[in-house]
Amino acid sequence: MRILILILLFSASSISGASTFETNFEDATLRIDYYRSGDKETESVTFDRAFRQGPWAGPRQELLDPFPYGRSIVRVFDPDSGKELFSKGFDSYFGEYKTTTPAHQGHSRTYQESVLVPFPKHAIRVTIELRDSKTAPLARWTIDPEDIGIASEEPTPAIVVNHHVPAPPQNCLDIAFLGEGYTSHNIGVFKEDLERFADLVLHEFGHSFAGLADEYYTSSVAYEDLLPPDSEPIAPNVTALLDSVKLKWRDLVDDTTPLPTPWLKKEYDLLDRAYQAEREKQNLAIAEASRGGHDAEAAQMEADAERLAADHGKRMKALLATDPMAGKVGAFEGAGYAANGLYRPTLDCLMFSRGIQPFCPVCRRAVAEMIQRYVDPPAAQ
1 MRILILILLF SASSISGAST FETNFEDATL RIDYYRSGDK ETESVTFDRA FRQGPWAGPR
61 QELLDPFPYG RSIVRVFDPD SGKELFSKGF DSYFGEYKTT TPAHQGHSRT YQESVLVPFP
121 KHAIRVTIEL RDSKTAPLAR WTIDPEDIGI ASEEPTPAIV VNHHVPAPPQ NCLDIAFLGE
181 GYTSHNIGVF KEDLERFADL VLHEFGHSFA GLADEYYTSS VAYEDLLPPD SEPIAPNVTA
241 LLDSVKLKWR DLVDDTTPLP TPWLKKEYDL LDRAYQAERE KQNLAIAEAS RGGHDAEAAQ
301 MEADAERLAA DHGKRMKALL ATDPMAGKVG AFEGAGYAAN GLYRPTLDCL MFSRGIQPFC
361 PVCRRAVAEM IQRYVDPPAA Q
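So the sequence shown is numbered by the numbering used here: it starts at 1 and just counts up by one.
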């Protein structure tokens, strides 16, 4: 009986979600372009323009974002009833800029951004907000689908390279590679680069698609004040371990694994500091050669630097493989650009080190959950 009740509830929810979409939206996309400006202390949003684009490729049933990811969130409301019709969290380059030294020094910058929402059948109210903010939305716009100011944008003819037969966008996740900088004469090079870059893109895909954080901590970055003290990161794969009982991936941790989880951190850090010092010397030499117009010499130095990085990666992976906790899920200190105070789920992962390797179990689950968010369940037979 419990199974039957769950099935009935799920079916009713699916039908309700589908009817909400069909009632309020067309099978089209509304793109809203705007500008976000400010520094560390200030932030403002200015409307630019709106476009009607092709079919809506997002969810049609679960229209309200169930995840806490993203510093910002776009919300769509019915202006008469106030009912929320759609929401989606997201991050932007401006959010990263606020954490940099120039922003802390009061230098204001402006970035162009866009959000995509289902194209409405009637007037809607759209807000751009900061998550967990008690202040008013950064922007609040009323958009009428009949407004002649909404431009129609037709896709330009393109060469499509299909690696498999695509399914309907409601039932699968399609990933598009934008071949910017390639001409029609470079299609062969473009195809080769697709194969070569696929593994490199997966790390960045983890950021933009699943809200995953960087798990490495030894490389220098330009960010400041990324996480307030005594707060838990939003990302699903990094934790401050404020309460080990409430660890967000606790269900994946074996009962015999201690939290925090000991590992060969001292040995790892010693090797990595030596590499970082050598790499910094190489980077300075490459920059000097480039400034002097010695392009061939700079290119050779870059190739040497890549070989050094590859050799270093092999040594580090060999070290991690000898750790007694290799392959286990726990809470390993060193993550999110912080050597101390932040923890990652496993010793190694695609979000921790470069190279061809899989996501860890925690990251895999986060990616799977996000795919399920975008892909509607198959219709009942």
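Heads up, the beta-carbon is just placed ideally off N, CA and C, and yes, glycines get one too.
Model, not experiment: these values are computed from the prediction.
Identify the residues that DSSP records as bridge partners of F190: which are they? Beta-bridge pairing links F190 to no other residue.
Along the chain, where does the beta strand (DSSP E) that runs through V76 open and close? S72 to F77
Report the three-state DSSP secondary structure of F94 (helix, strand or coil). helix
Three or more C-beta pairs closer than 8 Å, one from the stretch 65-80 and one from the stretch 117-128: is that the case here? yes
Which partner residues of R109 appear in the DSSP bridge assignment? G38
Tell me whether the stretch 349-369 and the stretch 226-240 touch, counting them as touching only if at least three CB pairs, one residue from each stretch, are closer than 8 Å. yes
Which value, in whole angstroms, describes the spacing of the CA atoms of L241 and S133? 24 Å
Beta-carbon proximity list for A326, same chain, < 7 Å, skipping 5 on both sides: L320 and L347
Look at the Cβ atom of F90, then the Cβ atom of S72, and state whether they are nearer than 7 Å. yes
Based on the DSSP secondary-structure assignment, which residues constitute the bridge partners of F25? P120
Using the Cβ count rule (16 or more neighbours within 10 Å means buried), how would you classify L212? buried
With DSSP run on the structure shown, which of helix, strand or coil describes T256? coil
For a test of the three-state rule: what should DSSP assign to F67, helix, strand or coil? coil
Sort L252, D254 and S231 by Cα distance to D243 and report the nearest one. S231
Comparing C-alpha positions only, which one of V117, Q300, P145 and K40 sits nearest to H104? K40
Beta bridge counterpart(s) of T156 as assigned by DSSP: None; T156 has no bridge partner.
Can you tell me where the beta strand (DSSP E) holding D45 begins and where it ends? Sequence inspection shows Val at residue 45; the Asp mentioned does not correspond to that position. V45 -> beta strand (DSSP E) spans E43 to Q53.
May I ask which residues mark the beginning and end of the beta strand (DSSP E) holding G334? F332 to A335
Below 8 Å on the Cβ atoms is my contact criterion, and I expect R315 with L350 to pass it. Report the Cβ-Cβ distance as a whole number of Å. Actually they are not in contact, since the Cβ atoms of R315 and L350 sit about 19 Å apart, beyond 8 Å.
What did DSSP end up calling S87 once you bin it into helix, strand or coil? strand
Of all the beta strand (DSSP E) runs that stay within the bounds of the stretch 308-373, which reach a length of 3 or more residues? 332-335 and 338-344
Thinking C-beta only, is A331 closer than 7 Å to T218? no
Hey, how far is the Cα of P155 from the Cα of R52? 11 Å
Own chain residues within Cβ distance below 6 Å of T257, not counting five before or after: K328 and G330
Does V362 pass the burial test, meaning 16 or more other C-beta atoms within 10 Å, or should it be called exposed? buried
Can you have a look at L200 and say buried or exposed, based on whether 16 or more other CB atoms are within 10 angstroms of its CB? exposed
In this structure, how does DSSP classify I128 when only helix, strand and coil are distinguished? strand
Under the three-state reduction of DSSP, which class applies to I150: helix, strand or coil? coil
Run through DSSP, which three-state label would A176 get? coil
In this structure, how does DSSP classify S114 when only helix, strand and coil are distinguished? strand
Please list, in chain order, all residues of the same chain as W249 whose beta carbon is under 6 Å from its beta carbon, the five residues on each side excluded. P345 and V362
Which residues in the same chain have their Cβ closer than 8 Å to the Cβ of I106, if we skip the five residues on either side of it in sequence? Sequence check: residue 106 is Gly here, not Ile. Excluding residues within five positions, the ones whose Cβ falls inside 8 Å are D39, K40 and E41.
Tell me whether L247 sits in a helix, a strand or coil according to DSSP, three-state version. coil
So for L30, helix, strand or coil by DSSP? strand
Cβ neighbour criterion (16 or more within 10 Å) applied to G292: exposed
Assign P59 to one of two classes, buried (16 or more other C-beta atoms within 10 Å of its C-beta) or exposed (fewer than that). buried
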